[in-house]
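Chains as they are written, first to last, in this note's numbering: chain Z, 5 to 400; chain V, 17 to 1055.
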Amino acid sequence: MMKQDFMFTSESVTEGHPDKLCDQVSDALLDRFLQQDPFSRVVAECAVSKGILFIAARFASAGSVDIPEVARQVIAQIGYEHTDFNARDCTVMTSLMELPSPPYPNLDEREMDEEEIDAVTAKNQGNVFGFACNQTAALMPLPIWLSHKLARRLGAARLQKQLSYLAPDGKTQVGVEYRDGRPNRIHSITLVASQQSNTPRGVRSLRDDLYQHVIEPVFLNEQLRPDARTRIFINPDGPIIDGGPSLHSGLTGRKSAVDTYGEYSRHAESALSGKDPSRIDRVGAYAARYAAKNVVAAGLAQACEVHLAYSLGMARPVSVQVDSFGTGRVPDADIADRIQAHFDFRPAAIIGAFNLRYQPQVFRGGFYRRLAAYGHVGRMDVGLPWEGTDKAPLLG
Amino acid sequence: MTILSYPLKHRDTAEPSPGESKLIDRVRVVHAQVNGRARLQIDGLYHCEPIRRRVESALAREAGIRQVSANVLTGRVLVLYDPARTVDEIKGRVEELLANPSPPPSEQRPSSNLYPLRPVQPMVSMDGSAASAQGPTQWHTLSRTAVLKALETTKEGGLSPAFAEKKLRRFGPNSLPETPPRSGLSIFLGQFKSLPVVLLGASAVLSAATGGLADAVVILGVVIINAGTGYVTEAQAERTIKALGHIGQQHAAVIRDGQLVQVEAEALVPGDIMVLVPGTRVGADGRVLESRSLMVDESALTGESLPVTKRVETLDTPEVPLGDRFNMVYKGTAITGGSGLAVVVGTGRYTEIGVIQALVGETRPPETPMQKQLDVLGNQMVLLSGGICGMMFLIGLARGYGWLQMLKTSISLAVAAVPEGLPTVATTTLALGIRNMRRRHVLVRHLDAVETLGAMQVICLDKTGTLTLNRMTVLAVHCGGRHITLANDVFHDRGMRTDPAQNEELLRLVQVGVLCNETEVNGSEGGGYELKGSATETALVQLAIAAGVAVDSLRRQYPTVRVEYRTENRNFMRTVHTVKEGGKLVAVKGSPSEVLEMCKWWIKDGIRLALTETDRTAIRMENERMAGEALRVLGFAYAEQAQADQQLAEEFIWLGITGMADPVRPGVKELIALFHQAGIDTIMITGDQSATAYAIGKELGLSRSGELDILDSTRLEQLDPEVLTGLAQKVNIFSRVSPANKLQIIQALQRSGKVAAMTGDGINDGPALRAADIGVAMGKTGTDVARSVSDVVLEDDDLRTMIIAISEGRTIYNNIRKSVHFLTATNLSEIMVMVGSIGSGLGTPLSTMQLLWINLVTDIFPALALAVEPPEPDILSRPPRDPREPILRPADFKRYGFEAFAITAGSMCSYGYAVARYGIGPQANSAAFMTLTAAQLLHAYSCRSDRHSIFSRTALQPNPYLKLALAGTGALQLASVAVPGLRSLLGTTLPSPMDMAVIAAGSGLPFLVNEATKAGARQFDREGREELASSVGDTGGTG
């Protein structure tokens, strides 16, 4: 049973945050490999510190990618221009290992028959979680939703030159007070924005700027807005000059709460970015969200967490658990049965249903890369297949 | 001439820790016969630039010191001082200076205290040379016209050949005074200066005094033969070593009679106008007349490693340090950039570097670390054998032997036991190795490079030119929907040979490639073309020639009207040509995607078709595929216009894509595998994008682990040195780096404790080649600068000879070890036999003459033959040796002791048997003598390898010299008991067959024992197993 009166804070980071930078490089590499060869197997992990970006990639692909070049493009797009770390002359250390090509022929999951789908099993033991709740239109928890929105706006204010003195690195936090399990008011907001060293600006004017260009527009159309008692922190530790990798280091997959539900529900600890669609820990999370979202959209529950447990060598999850935190219209076990009846959680089926191998070809600018900042779930801007509520009528 | 090499070859620039107790000994007076002139030897100065600077700058400020010149190559400093001061004062000052750790205030600008060495009273007057002196004019303070006037020359015309000839006679050749080679006599006399010879002499005198005239004669004979062998080998080595460092005749470009001519650098005279171009060395001191960003690396002279920009302005003060005389260029410095003119003001010994050399005098390279170790070892052996012989003398006296007999025996034992051959063997082996390498076109320029070659752990390789051919070649063409590949100028379509003349669109593509191209084509169709242009465009002309297109006539047919180069925002080049029949042709080449964008049509099978979206996608896919193969891709299109003035209606027709690459040199892949097998890591350095670098790295198999690590950075110098040090140990490829970054790479590798080699040929490679433990320059394509700072020059530019050099370097080191092994073990056995026998009251098993015989016969020749052992078969499958390890480890000494003990045991048994049978006397002596020598000769065979024994499966390559040495020595040994004259001289008797059997057993058994217990063989097996175990790795991941 979820607590009824509480305060909950979620955080998000801008795309210039070093951890997110790493996620984006990892996923940009994945995009490029899949664009050339949809059956590429790729594991791309990054770390960044000071002026050096480390990329460890293991892959089996018919395609060929200039890995440092892709990384530099990402850095350039994010907008790092400082002399300590910029796209042009930062050092990129790549550690590349080609995997042996799989012995079996590559089959398009979209055209597989039942038997073939069954033959593609989970390659690892693992839990994946999906969550949805009716706190926002996107069926996401409100704190992470607002945090993402603030982070996006913070990034946009820089890119659209409204606050051109901002540097790419930034962090946002939103604390929401709940009453009777529903968001009641905005308790606190934290914005940490970094500035370029050549245009220093005091905390006071920064505060005004951020209030005007970030906080106000974000809450303009929200039901809950900061009130007089809302505590707003802007750079509580003083101004941050430049920020980014020259200040703190980053690592792929370290922001799994930001990528999912802002700690509001459970999430798997494994990284989502930099993994090709054959990895169940990535696509399983999408499938679980798809199921949970449809459950809430169908009105079966106000909040729903779907837990899938995969076991090595088996295609179907060994257990499908649903927790509606007491908000369910029908018993949780009943919801679980309905989900299992209408959703196919086998790895190949997920890849086929979401068209995961070909998405990077559809979105030429990159599909996975977009997921790597501002959340893999709850995105209304990308048209993600797992954000669809098309199965809700079947469940209801 | 070694003074010309850069003095910066040292690993550790850190200041030596101050306050060491040894400081008092750090300074020694080498030569102070002339009042006011002293040469001091300073410990730590050798190869240490900071100390040189410190000594020079601090001493120069001292009162009473006129001049200081320190040389890092010799570790010596020459001080010219006021005769009122004494040598000891000067020495004291230098010692204080070294003890005082505070840096001189001028640390920031090391060259600022380096005043020119030209003495106030010209040194030149001191040596009565025939050539007349060149006055010490302050040329940098004179204006250009004044200089030219003073030298009776003009900038435009230069000197006339006749006048130059006259001047050459007057001033002498422009060459530095060379140290005269050691004369044969001095080498020969040098042989008599050693301790063993003194001992032998004492022994001879003693023999003569006590009536043994024959003994004395024999001993003198031994001395002469010893000296003879030493003389022959040393004289040869001397010649080889003397030749090191020469990089052949240098030429200089000068203006004479208004003509640009090349003259030998030796023929330069004051007044010559030198034309200075990058990559060459300045031939003589000169005043700059013209400078177009002329950059000169003056580190040879000033130690300043950054190049200096030269200007023409006149300086107003005469007292300017050499490094700041920006309007002068100096002999021996290297031009690294720009160009200019300079008038020669000083040649030969009157150049700054000539003066330094005259002052420093001795430029003989110091001994290598290994030679030093061997010297120490030799001295230790002398002390050891001296002590033991003294002990034996006392034991003998105590046992009641006559003191005279014991004295003679002790002295001869000392003579026999002292390994006087050690230094000779080392020098000879090094010299022989260098000659061997020269035969394989590997030029070694420093003696210690031979040793370092054997310890090399990592080699950094230039991609372009070294690993690849440095020739862009079109490898694939995609046109008309066909993928055509090229191999050796032959076109293939899906594996089938195809004729380009039959393929309309291919022919057009090739023609456009020639027209939209700025390559200069010289020569005719029949006689082959000479192409001058960018690598890419040259490749396109080559493609046309391969396709049978007449390049010249095609260009005449379509004269170029306008060229629009590619710009930042427009990634293609566009040329407009007039067509004879009227109208014009527009040819376009550039980024495939941009070129494709402007096309509406394409050609397939000679027919113009509209480009559909499907066609475009197919072309884009092909482009991506080629790029993925690390090919440099170019797209081609053209447009024809009937009317020349029609501007708007350019309807471009897509022709296709070419993919080109710089092919890998044949054999390099195998070479890389050989390096890896030899335990040497390979690092590729390239300016390419990392995709290209990756493709080549994969093709070459650069990584030993399968995981290829690429460091992609344009600004390595910004990286934290510690981080780079950590990364450099892992990296297989450095991509997008400039040649200047090579220095950072090599330094990072060295900081991590690696012995690193680096290849290079350009001017920019100089600092890295100099800093590398082994700088490898290319002989043909390399610049003068690269060759002159390198340690090894590959004369035929073939990197494959490098593996030979490594094998040779390792073999030389091993062979020296083998000789030392043999000498140490056998000499120990002689001592053990004598001491053991006398100590146990069995009399002296070997007579004085027998000991001398052993010294003469069994010591030298097998040791020399071991020094020329062929490489062991697995020499290139072993990891490099640990550079920090001494040539003989404590474990080696233990092993040698064991071997000596085995030999001793055999000889003693044989002697014991003979004593039991014949009693103490000549028969017993003969048995011991024969057994010991035979065992020693067999041991020479055993010393051939630490690893392979006669029980090993693999056989060593035969060594004919050793066979010859062993057979010859064996025959002599037999003669010693068979020939009556020798028998009486040596006091031997003819052994009976039974004795012979005992001798054979006494010498053979120790041999078998020593062979069976070789530690190396067992260790070798174990290593093999470990390797096997470690290769079973997990390639999976857990991420």
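Every residue gets a Cβ at the ideal spot worked out from N, C-alpha and C, and that includes glycine.
Write down the C-beta distance between Gly303/V and Ser176/V rounded to the nearest angstrom, noting that I regard them as a contact closer than 8 Å. Just to set this straight, residue 303/V is Arg in the shown sequence, not Gly. No, Arg303/V and Ser176/V are not in contact; Cβ-Cβ is about 20 Å, not under 8 Å.
Quick one: using the 10 Å Cβ neighbour count with 16 as the cut-off for buried, is Asn202/Z buried or exposed? exposed
Report the three-state DSSP secondary structure of Lys395/Z (helix, strand or coil). coil
If you run the structure through DSSP and keep just helix, strand and coil, what is Met865/V? helix
Where in the segment 203–239 of chain Z do unbroken runs of the alpha helix (DSSP H), each at least 4 residues long, occur, reported from the N-terminal end onward? 207–214 and 220–223
Mind reading off the beta-carbon distance from Phe37/Z to Val69/Z? Whole number of angstroms is fine, and I expect it under 8 Å. 6 Å
Compare the Cα-Cα distances from Leu868/V to each of Ser968/V, Asp812/V, Tyr929/V and Gln989/V and report the closest residue. Gln989/V
Touch test, the segment 1001–1015 of chain V against the segment 943–963 of chain V, Cβ-Cβ under 8 Å, three pairs minimum: yes
Distance cutoff 7 Å, beta carbons only. Does Ala723/V sit that close to anything in chain Z? A small correction: the amino acid at residue 723/V is Glu; Ala does not occupy that position in the sequence shown. Answer yes: the Cβ-Cβ gap between Glu723/V and chain Z drops below 7 Å somewhere.
Between the CA atoms of Arg42/V and Asp59/V - distance to the nearest angstrom: 5 Å
Helix, strand or coil for Thr489/V? Go by DSSP, reduced to three states. strand
Under the DSSP definition of a beta bridge, which residues are partnered with Glu656/V? Leu601/V
Nearest-angstrom Cα separation, counted from Glu78/V out to Arg109/V: 9 Å
Residue range of the beta strand (DSSP E) that Thr799/V falls in? First-last for Thr799/V: undefined, no H or E at that position.
Between Glu368/V and Tyr346/V, what straight-line distance do the alpha-carbon atoms span, to the nearest angstrom? 7 Å
Is there at least one Cβ from chain V nearer than 7 Å to His380/Z's Cβ? no
Option nearest Val577/V by Cα separation, candidates Thr591/V, Ala551/V and Arg571/V: Thr591/V
Verify the CB distance criterion: does Leu727/V have a CB-CB separation below 7 Å to chain Z? yes
Per-residue contacts from Glu645/V into chain Z (C-beta, under 8 Å): Ser68
Shortest alpha-carbon distance to Asp385/Z belongs to which of Arg374/Z, Ser315/Z and Ser65/Z? Arg374/Z
Between Gly717/V and the ligand NAP, is there a pair consisting of the residue's CB and a ligand heavy atom that are separated by less than 6 Å? As for the ligand NAP, it is missing from this structure, which has no ligand bound.
Given that a residue counts as buried once 16 or more other Cβ atoms are within 10 Å of its Cβ, and exposed if not, what is Trp419/V? exposed
Positions along the segment 29–45 of chain Z whose CB lies within less than 9 Å of some CB in chain V: Gln39 and Gln40
Starting from the C-beta of Tyr912/V, find all residues in its chain whose C-beta is less than 6 Å away, skip the five residues before and the five after it, and write them out in chain order. Thr840 and Ala841
Mind checking whether Val805/V and Gly825/V have CB atoms under 7 Å apart? no
Starting from the Cα of Gln698/V, find the closest Cα among Ile688/V, Ser706/V and Gly173/V and give me that residue. For clarity, residue 698/V is Thr in the given sequence; the question names Gln instead. Among Ile688/V, Ser706/V and Gly173/V, the Cα nearest to that of Thr698/V is on Ile688/V.
Segment limits, alpha helix (DSSP H) that includes Asp728/V: Careful: Asp728/V lies outside any alpha helix (DSSP H), inside the beta strand (DSSP E) at Glu723 to Asp728.
If you pair each beta-carbon of the segment 673–681 of chain V with each one of the segment 484–491 of chain V, do three or more pairs fall below 8 Å? yes
Between which two residues does the beta strand (DSSP E) containing Gln275/V stretch? Gln275 to Glu280
Please tell me whether Leu100/Z has its Cβ less than 7 Å away from any Cβ of chain V. yes
For Asn1026/V, report the span of its alpha helix (DSSP H) as first-last. Pro1009 to Ala1028
According to DSSP, residues forming a beta bridge with Pro187/Z: Tyr182/Z
For Lys54/Z, go through chain V and note every residue whose CB falls closer than 9 Å to its CB, in chain order. Leu735, Asp736 and Val739
Could you give the residue range of the beta strand (DSSP E) that holds Tyr314/Z? Ala307 to Tyr314
For Lys326/V, which of Arg461/V, Ala243/V and Thr349/V has the nearest alpha-carbon? Thr349/V
Using the C-alpha atoms, what's the distance from Glu105/V back to Glu52/V? According to the sequence as given, residue 52/V is Gly; it is not Glu. Each residue's alpha carbon lies about 12 Å from the other.
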